[in-house]
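*Asks:* Before anything else, here's the structure in question.
Residue numbers (my numbering): -4 to 638.
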């Protein structure tokens, strides 16, 4: 990265607001007695692929306005003398700290505002180079709010326009509401970010005033144009009154943006008809869908040179800029020589991953086994627990009949849990405990292995995905916004086992229902099940294999030295099972049996992997970005002139 020493902006925190009278008799607010931090710019050049263009990614480092306080030093307060420097620089040291503590919450909100404020000041600086007024600001500036983390930008732009540029409220709102667009990335209720109003007010006193006024005007509009129903007004309000007063950042984003998009067809339908259905009625036409995408340059050409080569040898390299070219691969699915080269590429990728695992984990993997992979953030709704239930089921089948003929599997997990997410961490512990038993059981041998890969990262994913045979996309239907891992696996020739959730639905539409393994309840069926009075114990008692899995965990089979450690998992499943593991268990097991059956037919399996790759073009980020440009940003391609 390149340091820009001369490009610094002052970012304010804390303080108070003061109402002052202007020369013409009006009133305005000043934000005073603040604690200030400097934001220094760093630039990272991002080259395009073969287009003679380099874009700029601007990052910010937090620096103290004063590195050292002689006043504190001379008074003997040596720690306080340097604390301003330490406190300031902490803001940009580690992104998204543990926010289960009050200090972590303050730091996280500080981070969000710090990056937003510095960036907005920079955007306005650049705009003013060629413009004397803000008349064209919204036409020349499109700011995409990627989830709720940067939504503080809405009141920040209002503050700048009103307090520093002396705009009226109405004019400032006209500019602001035409500048921002918001991408929603989740339908999980607890992930729809809310900030304590008290914390917000202490850290950003001027902004909370602006948020209150945005909310007041919005609710007045709703009363005049939509409803006066108090329950609906409470649901729509940017300020949540109970159980404690909070600022609903998603509501603020919707009110302050000219467009709101979901990231998969089902996800968008859910936010339009369920999560934000009143907003959708108030703002008809504001909500739209743009399905996520991935770049084939990184996730195939760079991550999987073996497969890239055999594709390019057949159809040329135009696919690097136009993934629709992959459709030509369909004509080779009956070419035995080509299918063999396809399998060879997979085997070479497996060998690379095996070498990595042996080097990092001192663990031997059978290269002839099916690589069954689930790598993603750990969350109960993503149901890594259902996956390990299948592992235990296979283990029990082997123990019952050690001579059983079955497809050998290596089940690979990877991912991290949020620092304070106890249940997710307990599931990781269970996976490792099951692995210790399974991997050391002589009856099992090479038939089944389980490994949790430590320190999961995108770089590690580039090793895992090309080597994978089976892609686990098994979230409870209705909770995964889109997912992009599902696309990356399909692009690299892994077959998907998954629910009708997120982008899985669209992948199924593209690759064909016969080339994907779908199981489980649909999103609407989940809702109906819960409304009818779902009793998970009935599923537990009615399924022998499932009951044995749960009883083994409950009886400390996998953790004799730590009795009772997994009891919270069992209690949650039998008392609630919010994520419908027990409901979907048998359907999942049946689908996995079909996976094993197909994997034994090497040629048919390979043909289906080729078809998955050939039909994945829709999920290129080139298509996704083009849709953002056309549907939201209103920008057109510019011909690049080269010399």
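All residues carry an ideal CB built from backbone N, CA and C; glycine is no exception.
Since the model is a prediction, treat every value here as computed from it, not as a measurement.
1) Where does residue 432 sit, in a helix, a strand or coil, going by DSSP?
2) What are the start and end residues of the beta strand (DSSP E) that includes residue 37?
3) By a C-beta neighbour count over all protein chains shown, 10 Å radius and 16 as the cutoff for buried, is residue 417 buried or exposed?
4) May I ask you to verify whether the segment 593 to 605 touches the segment 520 to 532, counting CB pairs closer than 8 Å and requiring at least 3?
5) Figure out for me which residue from 577, 618 and 414 has the closest Cα to the Cα of residue 385.
6) Do residue 501 and residue 371 have their C-beta atoms closer together than 9 Å?
7) Report all residues from its chain with a CB closer than 6 Å to the CB of residue 87; omit the five preceding and five following residues, and keep chain order.
8) Taking the Cβ atom as the reference point for each residue, do residue 344 and residue 408 lie within a distance shorter than 9 Å?
9) What would DSSP say about residue 213, mapped onto helix, strand or coil?
10) Cβ of residue 362 within 9 Å of Cβ of residue 346?
11) So, does the segment 209 to 218 touch the segment 30 to 46, judging by three or more C-beta pairs under 8 Å?
12) So the candidates are 173, 291 and 96; which of them puts its Cα closest to the Cα of residue 43?
13) Have a look at 337, 319 and -1 and flag the residue whose alpha-carbon is nearest the alpha-carbon of residue 327.
14) Would residue 482 and residue 462 be called neighbours here (beta carbons separated by less than 9 Å)?
15) When the Cα atoms are used, what is the spatial distance from residue 265 to residue 248?
16) By the 10 Å Cβ neighbour count, where 16 or more other Cβ atoms means buried, how is residue 342 classified, buried or exposed?
17) Keeping to the same chain, check which residues put their C-beta closer than 8 Å to that of residue 548; ignore five residues upstream and five downstream.
18) Within 10 angstroms of the Cβ of residue 365, are there 16 or more other Cβ atoms? Answer buried if so, exposed if not.
19) May I ask you to list the residues that DSSP assigns as paired with residue 26?
20) With distances taken from CA atoms, which of 6, 109, 1 and 149 is nearest residue 90?
21) Using CA atoms only, rank isn't needed, just tell me which of 456, 442 and 490 is closest to residue 464.
22) If we count the other Cβ atoms within 10 Å of its Cβ and call it buried at 16 or more, is residue 95 buried or exposed?
23) According to DSSP, is residue 59 part of a helix, a strand, or is it coil?
24) Hey, how far is the Cα of residue 289 from the Cα of residue 295?
25) Rounded to whole angstroms, what's the CA-CA distance from residue 453 to residue 317? Just pull it up for me.
26) With DSSP collapsed to three states, give me the class of residue 409.
27) Please identify the residue among 633, 571, 444 and 507 whose C-alpha is closest to the C-alpha of residue 603.
28) Do residue 285 and residue 622 count as a contact pair if the criterion is CB distance below 9 Å?
29) Which same chain residues, not among the five before or five after residue 600, have their C-beta less than 6 Å away from its C-beta?
30) Let me know if residue 243 comes out buried or exposed under the rule of 16 or more other beta-carbons within 10 Å of its beta-carbon.
31) Please state if the CB of residue 140 and the CB of residue 175 are separated by a distance shorter than 9 Å.
32) Rounded to a whole number of angstroms, what is the C-alpha to C-alpha distance between residue 580 and residue 545?
33) Going along the chain, which unbroken runs of the beta strand (DSSP E) with 3 or more residues stay wholly within the segment 204 to 251?
34) Report the rounded CA-to-CA distance for residue 339 versus residue 146, giving the unit in angstroms.
35) Compute the beta-carbon to beta-carbon distance between residue 443 and residue 393, rounded to the nearest angstrom, for a pair I have assumed lies under 8 Å.
36) What does DSSP give as the partner residues of residue 190 in its beta bridges?
*Replies:* From the atom records:
1) Residue mapping note: residue 432 aligns to position 437 of the chain shown, counting from 1. Under the three-state reduction of DSSP, residue 432 is assigned to helix.
2) What you label residue 37 is simply residue 42 of the chain shown in a count that begins at 1. Segment 30 to 42, the beta strand (DSSP E) holding residue 37.
3) For the purposes of this step, residue 417 is identified with residue 422 of the chain shown, where counting begins at 1. By the neighbour-count rule (16 or more Cβ atoms within 10 Å), residue 417 is not buried but exposed.
4) The segment 593 to 605 vs the segment 520 to 532: no contact.
5) In the chain shown, counting from the first residue as 1, residue 385 sits at position 390. Restricting attention to 577, 618 and 414, the CA atom closest to the CA of residue 385 is found in 577.
6) Within the chain shown, the letter at position 506 stands for residue 501. Within the chain shown, the letter at position 376 stands for residue 371. Their beta carbons are not under 9 Å apart, which means residue 501 does not touch residue 371 by this criterion.
7) As a first step, residue 87 is located in the chain shown; it is residue number 92 there, counting from the start. So the list reads 56 and 57, once near-sequence residues are dropped.
8) Taking the chain shown and counting its residues from 1, the one referred to as residue 344 is at position 349. Taking the chain shown and counting its residues from 1, the one referred to as residue 408 is at position 413. No, they are not a contact pair.
9) Start at 1 with the first residue of the chain shown, and residue 213 comes out as number 218. In the structure shown, residue 213 sits in a helix (DSSP, three-state: H, G or I).
10) Here the question's residue 362 lines up with position 367 in the chain shown. Here the question's residue 346 lines up with position 351 in the chain shown. In this structure, the beta-carbon distance from residue 362 to residue 346 falls below 9 Å.
11) Short answer: they don't touch.
12) Locating residue 43 in the chain shown gives position 48, where the first residue counts as 1. When only C-alpha atoms are compared, the closest one is 291.
13) Taking the chain shown and counting its residues from 1, one reaches residue 327 at position 332. It is 337.
14) For the purposes of this step, residue 482 is taken as residue 487 along the chain shown, with counting starting at 1. For the purposes of this step, residue 462 is taken as residue 467 along the chain shown, with counting starting at 1. Cβ distance not < 9 Å, so residue 482 and residue 462 don't count as in contact.
15) By 1-based counting over the chain shown, the position of residue 265 is 270. By 1-based counting over the chain shown, the position of residue 248 is 253. For residue 265 and residue 248, the gap between their C-alpha atoms comes out near 17 Å.
16) What you label residue 342 is simply residue 347 of the chain shown in a count that begins at 1. In this structure residue 342 is exposed. Its beta-carbon is surrounded by fewer than 16 other beta-carbon atoms within 10 angstroms.
17) Numbered from 1 along the chain shown, position 553 holds the residue referred to as residue 548. 387, 425, 561, 564 and 565.
18) Locating residue 365 in the chain shown gives position 370, where the first residue counts as 1. Counting Cβ neighbours within 10 Å, residue 365 comes out buried, since at least 16 surround it.
19) As a working mapping, residue 26 is identified with position 31 in the chain shown. Answer by DSSP bridge pairing, in chain order: 12.
20) For the purposes of this step, residue 90 is identified with residue 95 of the chain shown, where counting begins at 1. Measuring from the Cα of residue 90, the nearest candidate turns out to be 109.
21) On the chain shown, residue 464 is found 469 positions in, with the first residue counted as 1. For residue 464, the closest of 456, 442 and 490 by C-alpha to C-alpha distance is 490.
22) To locate residue 95, count along the chain shown from 1; it is residue 100. Residue burial is scored here from C-beta neighbours: residue 95 has fewer than 16 other C-beta atoms within 10 angstroms and is therefore classed as exposed.
23) Taking the chain shown and counting its residues from 1, one reaches residue 59 at position 64. In the three-state DSSP reduction, residue 59 falls in the strand class (E or B).
24) The residue you call residue 289 lines up with position 294 of the chain shown. The residue you call residue 295 lines up with position 300 of the chain shown. Straight through space, the alpha carbons of residue 295 and residue 289 are spaced by roughly 10 Å.
25) As a first step, residue 453 is located in the chain shown; it is residue number 458 there, counting from the start. As a first step, residue 317 is located in the chain shown; it is residue number 322 there, counting from the start. Rounded to the nearest whole angstrom, the C-alpha separation of residue 453 and residue 317 is 24 Å.
26) By 1-based counting over the chain shown, the position of residue 409 is 414. For residue 409, the secondary structure class from DSSP, reduced to helix, strand or coil, is strand.
27) If you number the chain shown from 1, residue 603 lands on position 608. Nearest C-alpha to residue 603: 507.
28) Against the chain shown, residue 622 aligns to sequence position 627. Against the chain shown, residue 285 aligns to sequence position 290. With respect to residue 285, residue 622 sits close: the two C-beta atoms are nearer than 9 Å.
29) Residue mapping note: residue 600 aligns to position 605 of the chain shown, counting from 1. Contacts found: 593 and 594.
30) Locating residue 243 in the chain shown gives position 248, counting from the first residue. It is buried - the Cβ of residue 243 has at least 16 other Cβ atoms within 10 Å.
31) Counted from its first residue, the chain shown places residue 175 at position 180. Counted from its first residue, the chain shown places residue 140 at position 145. In contact: residue 175 and residue 140 (Cβ atoms closer than 9 Å).
32) As a first step, residue 580 must be located in the chain shown, where it is residue number 585. As a first step, residue 545 must be located in the chain shown, where it is residue number 550. Going by the C-alpha atoms only, they are around 12 Å apart.
33) With a minimum length of 3 residues, the continuous beta strand (DSSP E) runs that stay inside the segment 204 to 251 are 241 to 243.
34) Looking up residue 339 in the chain shown gives position 344. Looking up residue 146 in the chain shown gives position 151. Approximately 48 Å, taken between the alpha carbons.
35) Counted from its first residue, the chain shown places residue 443 at position 448. Counted from its first residue, the chain shown places residue 393 at position 398. Confirmed, Cβ separation roughly 6 Å.
36) As a first step, residue 190 must be located in the chain shown, where it is residue number 195. In DSSP, residue 190 forms a bridge with 242.
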